[in-house]
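Peer 1: Here you go, one structure.
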Amino acid sequence: MNIPAFDQPTSEKIVQEWLTALSELIANVSKWVKDQPGWSVEPSTKEITEEALGSYIAPVLTINATEGRLILEPMARIVIGGTGTVELYAWPALYRVRLLHRVREGIDTWVVLTDSRVILKEPWNEETFLYLVQSLLGEQ
């Protein structure tokens, strides 16, 4: 029996919602970076291919801090435990954390996940971002 899939979003809609979440994340991080003396950002893009969604172009942000460089790079929309994942990593050391996107009760949130699979309890905001930058660049 074929059941109509009218309740399931199309892959185009899923990708568009993901790209919107990424754009908002990058806009927030860019604003936070702008407030730091001597820091700058370099926006770019990358192609992501996911079996269930096909290929799409996603935004990437390189962050030039006075202490080093970080990259905010989307990895995939289809992930276990969330609705997308982004890596924030220091270059060239490659210390990293993952930002796991979640939508709960219609509210978009980002959760910080360490390589040890520990979820930080701090909310995703400017203070948490700056703490992560210091930690990833080895300042603490």
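In terms of the working numbering, the sequence shown is residues 241 to 380. Glycine included, each C-beta is placed from N, C-alpha and C at the ideal position.
1) Compare the C-beta of D275 against all C-beta atoms of chain D and say whether one is closer than 8 Å.
2) For E291, is the classification buried or exposed, using 16 other Cβ atoms within 10 angstroms of its Cβ as the cut-off for buried?
3) Along the chain, which unbroken stretches of the beta strand (DSSP E) at least 3 residues long are found entirely within the segment 296-372?
4) Below 8 Å on the Cβ atoms is my contact criterion, and I expect L301 with P283 to pass it. Report the Cβ-Cβ distance as a whole number of Å.
5) Hey, how far is the Cα of I297 from the Cα of G378?
6) Ordered along the chain, which non-local residues of its own chain (more than five positions away) have a Cβ less than 8 Å from that of K286?
7) Between the C-alpha atoms of S375 and L339, what's the straight-line distance to the nearest angstrom?
8) DSSP beta-bridge partners for T289?
9) Could you check what DSSP says for P244 in three-state terms: helix, strand or coil?
10) Short of 7 Å in beta carbon distance, which residues of its chain neighbour Q380, apart from the five on each side in sequence? Order them along the chain.
11) Alpha helix (DSSP H) containing Q256: first to last residue?
12) Would you kindly work out how many angstroms separate the C-alpha atoms of V326 and L265, rounded to a whole number?
Peer 2: Taking the coordinates as given:
1) Absent from the structure: chain D. Only one protein chain is present.
2) exposed
3) 308-316, 325-331, 336-344 and 347-353
4) 6 Å
5) 31 Å
6) I297, A298, V300, E313 and P314
7) 15 Å
8) S295
9) At P244 the pLDDT is 49, less than 50, meaning the model places this residue with poor confidence; the figure from the coordinates comes in the next sentence. In the structure shown, P244 sits in coil (DSSP, three-state: anything other than H, G, I, E or B).
10) Confidence at Q380 is low in this model, with a pLDDT of 46, below 50, so the placement of that residue should be treated as unreliable; the coordinate-derived value is given next. Answer for Q380: Q374, listed in chain order.
11) S251 to K274
12) 10 Å
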